[in-house]
Structures are given as structure tokens and as C-alpha cells.
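Participant:
Protein chains in written order, with our numbering: chain V, 273 to 478; chain W, 1218 to 1511.
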């Protein structure tokens, strides 16, 4: 299985490291040809305005949207969640989301860097599990569409959501020690992958 | 904010990670900040004069006027950084109080203390510091820096010093990675850096915080050079707003930083940018900013 990490700007190294630690091959995505043969795509944290501009200049916006609509698994963290969303509040006018995950987000909804924080989260993946969440100038999920499942919430506000094979997190699972979210994403990717892909057998729990 | 912990080291380093693969641009007005954001900057550095002007004007360079920083904060939605003088912890207290996202304890401003850097663990806002070699980088990390940038020579438009510093830092990281456990004691002594950080470096093969490149980047090719050498992102100071066409150059440098390994993209974005900043040779300057910091 080959998973792509959007590498236009942001914390893509951290996702690549996490994937490789799980024995999965990871491709950095910078141009449309990099999308070939991917079973899943991760949109990392970073600056969503920068990524949005580079999505257009690199010609990735349309093929990436088509890939998402074709049922390939997607994971968006922080700015990546903003990119996946239906609607962005407090963004720039020219900053268009991909509309692959039916949620509305407010950019920097948890404040600026001085309000950034880390905390423990209870995550509903194979039963309730504890994981560490790092929130950096994090976007706030302000609405979830029908059928969107909340996997974790903080003070009653969703911070990890799932719809079909699409996952979105306000926080940064790639910055902590837990690989819970990534392992769950890889299961979604495996389920959505073409039948020719060899099955994953090495994803033990960490 | 709810039950979370703010101002911790992982939270500080987290923002540094988010700026990876991006371009941080020096701006002196809200209008320039908007141009930078439009061009795809991942953050802006608010300061009163770009390094080339500080170099030309001379005198004491200090932190910026809070009104000017507020104006830039209001103009953009991306993170805003600001510079303080080396060792001037009161300037840092003021800048933190303004709600700036990152502080640069910078050799470009006139140092306030010739022996001590700021104890950066005392602050909730993350700090970036410059370094010319691995020892300097590790000393700054020991003081709490959440990001290191190679210093280069600010305000020159000349990449030679940035290359020297990046090669020195990354070359020594590779050498420490090859050292055996007994040799690490000697490395700590030679680098004048804390042993536990040297041992951690040997184990992980990388600095515990992101390494960016600054000081002399003037063209898309310069930015890509820094990235190919191993920088995680770049700072561009005078290089943008001292050039003929700042908007186009800023955007080209952003694209070059993303596509740093793709010569055909680099060729495309390098076309028709107008004249870069003139730049100066190292033998023409009388003050090397990179020598400030200890």
C-alpha cells in the first residue's frame, strides 16, 4: 500500500515519518503525477492559505478532488482539515476548500499561538482510547453534516471526525507518540484500496 | 483554553513544524504583509527596517514599535513573527504581550547583552535563534529555542554565508551521528554544547527542533539551494522588497521552496522576475551580523 502526503508546505515530514514507522511506503505529493496508485492521501498541518495557492499553481486541485470523490481515503490534520472542509470561516476570499468532508471550520478558531495547547483526548476508535492531542493555532469545527461521526470532542466541540473514508482532525496526531489515528486511517485506506493491492498484515498496535 | 496546557515546549515546537516547507518574509508595513500573504508566505516577520536598510543606515537597531506590529497582525491571517535584540528579555516580554506568534532573538538587531541570550523557557511564545555552527545551535536549543535558523549574512543578498553555516551545521550533525559513545563527550566539549543534547542528536540524527535557513536568499534558486542542502524552510529578508518586482519574486520563491527538487519548475519560476536586490560581497561589508551571538 502506498499513501501520499501532500508536500506543498507544512508538517509533511512528520506524517511521512509516522507512516514509515508503521511500515507503510509514503510518497510526497507535489505534482499531479505523484497521485498515481495511491490508496490514501494525508493533508498535513501548515498554513492553509499557502497550501491553497500552491494547490492551484501545481495543478493538483482538480485531480486531488477527483481522487477524493472516487473514494480514496483522506486524512486532514489542522490546515489539512481546513482544506477538506465544505466551508471556511475567517479564511481569505480566494481560499477555496476541496469540499470532501462535510464540516464547516473556523480558521484559528482556538486562537493564536499563545492559545495553542496540548491535552489528553478520549478517542472512539475500536472502543474509547486515550491519546495526546497537540493543537496549534487550530481550526474549530463549527458544523458537522449528516452522517459525519464524531470520534473525539473537546468541551463538547468535535475535534476528530469521520465520514466514509474521510478523516479530519483539528489537532496533530503526527506530533504525538500515538499512532492511533494513522492506524485507523490506514485501515480505511486499505478498505478503499483497489483489489490488486496486497493486504496489510504488519500493522500491529503501538 | 479548556483543560489544555499552553506554552509547553511541544506546543512551541509544533508551530515551527507547521512552518516547514514554507517561506517567512520580512515586512515593514501592513501593505507589504498583505503582499507577502497573497504570494503564499507561511508567516511574516514584522520589523521596522529590512536588514539591507539597517546595514546602510547604521545606528542601534531595536525591536519595532508596537503600533506597527499591531497593524501587521491585523493585516494578515498567517502567523506574525517579530525580532528582539539578543539578550533583551524585556523587549521579548513586550512582544509576547502583543500576542505575536513567534519571536526571533536576532543578530540583525544590535545586541543588548554580550554574554547572555534570553532564557526562552520563561516565555509561552516560541523563539527562533540564529546559529552559524552546531555548537551555537545546541546552546540556543538548551536555552529553549523552538526553531534554529542558519544565520547567513542578513541584508547582503549573498547566499555564500548561509551555505557555509548550513553545511557546517548539517555536516557536523552527520559526523556526530557516526561517533561512538566515548567520542560524544569530546564532541560536547568541542561544540561547547550540553552532553545530553549531543547524545540525543547522535541517537536521532537530527536537531530536536526544525532547522530553517536565513540570511542572503535573493532568488528562487537560492531558496531551492538551501532546501536541497537540508533546510526545512527559508526566511527571506531584504531579498523580496529590495527587488524590482516584489509580488512576482515573492511568489516565485514560495514555489521554488515547494518544488526545490524539480529543476523544470525552478526554471519556470525564475523567468521574468526583474532585477533581484543588488547584493554585496563579503569583503565589502564592515559589520558581520553573524558574529553576534555567543
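Yeah, the Cβ is synthetic: ideal placement off N, Cα and C, and Gly gets one too.
1) Would the segment 441-451 of chain V and the segment 339-354 of chain V be scored as touching if the rule is three or more Cβ pairs under 8 Å?
2) Please list, in chain order, the chain V residues whose beta carbon lies closer than 7 Å to that of residue 1234 of chain W.
3) What separation, rounded to the nearest whole angstrom, lies between the Cα atoms of residue 1284 of chain W and residue 342 of chain V?
4) At a Cβ threshold of 7 Å, is residue 1394 of chain W touching chain V?
5) Would you say residue 340 of chain V reaches chain W, if we count a Cβ-Cβ gap shorter than 7 Å as a contact?
6) Taking the CB atoms as reference points, tell me whether residue 378 of chain V and residue 414 of chain V lie closer together than 7 Å.
7) Measure the Cβ-Cβ separation of residue 1455 of chain W and residue 1258 of chain W and say whether it is below 7 Å.
8) On the three-pair Cβ rule with 8 Å, is the segment 1313-1323 of chain W touching the segment 1376-1391 of chain W?
9) Entirely within the segment 287-371 of chain V and at least 3 residues each: give me those beta strand (DSSP E) ranges in chain order.
10) Can you find the residues in the same chain that come closer than 6 Å, C-beta to C-beta, to residue 453 of chain V, ignoring five residues on each side of it along the sequence?
11) Excluding the 5 residues flanking residue 425 of chain V on each side, which residues of the same chain have their C-beta closer than 7 Å to its C-beta?
12) Could you check where the beta strand (DSSP E) with residue 430 of chain V kicks off and where it finishes?
13) Residue 315 of chain V to residue 370 of chain V, Cα distance in whole Å?
14) Have a look at V:403, V:400, V:302, V:361 and flag the residue whose alpha-carbon is nearest the alpha-carbon of residue 412 of chain V.
15) Entirely within the segment 1241-1310 of chain W and at least 4 residues each: give me those alpha helix (DSSP H) ranges in chain order.
16) Counting only Cβ-Cβ distances shorter than 7 Å, please list the residues of the segment 311-343 of chain V near chain W, keeping chain order.
17) Residues of chain W with a CB under 8 Å from the CB of residue 388 of chain V: which are they?
18) If we cut at 7 Å on Cβ distances, does residue 401 of chain V have a partner in chain W?
19) Using a Cβ cut-off of 9 Å, which residues of the segment 1436-1468 of chain W contact any Cβ in chain V, in chain order?
20) Three or more C-beta pairs under 8 Å: does that hold for the segment 1320-1328 of chain W against the segment 1395-1411 of chain W?
21) As a quick exercise: from V:419, V:456, V:356, pick the residue whose alpha carbon is nearest that of residue 399 of chain V.
22) Since residue 454 of chain V is in the alpha helix (DSSP H), which residue starts that stretch and which ends it?
23) Can you list, in chain order, the residues of the segment 1271-1302 of chain W whose Cβ is nearer than 8 Å to any Cβ on chain V?
24) Give the residues of chain W in contact with residue 302 of chain V, contact being defined as C-beta atoms less than 9 Å apart.
25) Name the residues in the segment 350-375 of chain V whose C-beta lies less than 8 Å from a C-beta of chain W; which are they?
26) Under the rule that 16 or more other beta-carbon atoms within 10 Å means buried, what is residue 1399 of chain W, buried or exposed?
27) Go ahead and pull the three-state DSSP assignment for residue 1406 of chain W.
28) When you check each C-beta in the segment 1238-1249 of chain W against every C-beta of chain V, which residues fall closer than 7 Å?
29) Which residues does DSSP pair with residue 404 of chain V in a beta bridge?
30) Going by alpha carbons, who is nearest to residue 1468 of chain W out of W:1488, W:1322, W:1478, W:1480?
31) So, does the CB of residue 1430 of chain W fall closer than 7 Å to a CB anywhere in chain V?
32) Looking at the structure shown, is residue 235 of chain V part of a helix, part of a strand, or coil, going by DSSP?
33) Is the Cβ-Cβ distance between residue 1452 of chain W and residue 1241 of chain W less than 7 Å?
Facilitator: Let me spell this out:
1) Look at the beta carbons and you see the segment 441-451 of chain V touching the segment 339-354 of chain V: at least three pairs across the two are nearer than 8 Å.
2) Translated into the one-based positions of the second chain, residue 1234 of chain W becomes position 17. Chain V residues near residue 1234 of chain W: 283, 286, 447.
3) Counted from its first residue, the second chain places residue 1284 of chain W at position 67. Counted from its first residue, the first chain places residue 342 of chain V at position 70. Looking at the two C-alpha atoms, the distance is approximately 50 Å.
4) Numbered from its first residue, the second chain carries residue 1394 of chain W at position 177. By this cut-off, residue 1394 of chain W is not an interface position.
5) As a working note, residue 340 of chain V is residue 68 in the first chain. Not closer than 7 Å to any Cβ of chain W, the Cβ of residue 340 of chain V fails to qualify, so no.
6) The residue labelled residue 378 of chain V in the question sits at position 106 within the first chain. The residue labelled residue 414 of chain V in the question sits at position 142 within the first chain. It is a contact, given that the beta carbons lie within the stated cut-off.
7) By 1-based counting over the second chain, the position of residue 1455 of chain W is 238. By 1-based counting over the second chain, the position of residue 1258 of chain W is 41. In this structure, residue 1258 of chain W does not lie closer than 7 Å to residue 1455 of chain W by Cβ.
8) Remark: fewer than three beta-carbon pairs, one from each stretch, lie closer than 8 Å, so the segment 1313-1323 of chain W and the segment 1376-1391 of chain W are not flagged as touching.
9) 297-301, 312-315, 345-349, 359-361
10) Along the first chain, one-based indexing puts residue 453 of chain V at 181. Cβ within range, chain order: 445.
11) Mapped onto the first chain, residue 425 of chain V falls at position 153. Excluding positions up to five away in sequence, the list reads 431.
12) Taking the first chain and counting its residues from 1, the one referred to as residue 430 of chain V is at position 158. Counting along the chain, the beta strand (DSSP E) containing residue 430 of chain V begins and ends at 429-435.
13) Here residue 315 of chain V is taken as the residue at index 43 of the first chain, counted from 1. Here residue 370 of chain V is taken as the residue at index 98 of the first chain, counted from 1. Computed Cα separation, rounded: 11 Å.
14) Position 140 of the first chain holds residue 412 of chain V. Of the candidates V:403, V:400, V:302, V:361, the one whose C-alpha sits nearest the C-alpha of residue 412 of chain V is V:361.
15) List check, alpha helix (DSSP H) in window: 1247-1256, 1268-1274, 1283-1292.
16) 317, 318, 319, 321, 322, 325, 326, 329
17) Walking along the first chain from the start, residue 388 of chain V turns up at place 116. By Cβ distance, chain W contributes 1223, 1228, 1231, 1232.
18) Taking the first chain and counting its residues from 1, one reaches residue 401 of chain V at position 129. Closer than 7 Å: no.
19) 1449, 1450, 1468
20) no
21) The residue given as residue 399 of chain V occupies position 127 in the first chain. Selected option, being the one with the closest Cα: V:456.
22) Within the first chain, the letter at position 182 stands for residue 454 of chain V. In the DSSP assignment, residue 454 of chain V falls within the unbroken alpha helix (DSSP H) covering 452-464.
23) 1294, 1295, 1296
24) Position 30 of the first chain, counted from the start, is the residue given in the question as residue 302 of chain V. In chain order: 1475, 1476, 1478, 1479, 1482.
25) Within the segment 350-375 of chain V, the residues whose Cβ lies closer than 8 Å to some Cβ of chain W are 350, 351, 362, 363, 364, listed in chain order.
26) To locate residue 1399 of chain W, count along the second chain from 1; it is residue 182. With fewer than 16 Cβ atoms within 10 Å of its Cβ, residue 1399 of chain W is classed as exposed.
27) The count along the second chain starts at 1 and reaches residue 1406 of chain W at position 189. Residue 1406 of chain W: helix per DSSP, three-state reduction.
28) Within the segment 1238-1249 of chain W, the qualifying residues are 1238, 1239.
29) Here the question's residue 404 of chain V lines up with position 132 in the first chain. Paired residue(s): V:392.
30) Numbered from 1 along the second chain, position 251 holds the residue referred to as residue 1468 of chain W. Ranking W:1488, W:1322, W:1478, W:1480 by CA distance to the CA of residue 1468 of chain W puts W:1488 first.
31) In the second chain, the residue the question calls residue 1430 of chain W occupies position 213. It does not; no Cβ of chain V falls within 7 Å.
32) The requested residue 235 of chain V does not occur in the structure, where chain V is confined to residues 273 to 478.
33) As a working note, residue 1452 of chain W is residue 235 in the second chain. As a working note, residue 1241 of chain W is residue 24 in the second chain. Yes, Cβ-Cβ distance for residue 1452 of chain W and residue 1241 of chain W is below 7 Å.
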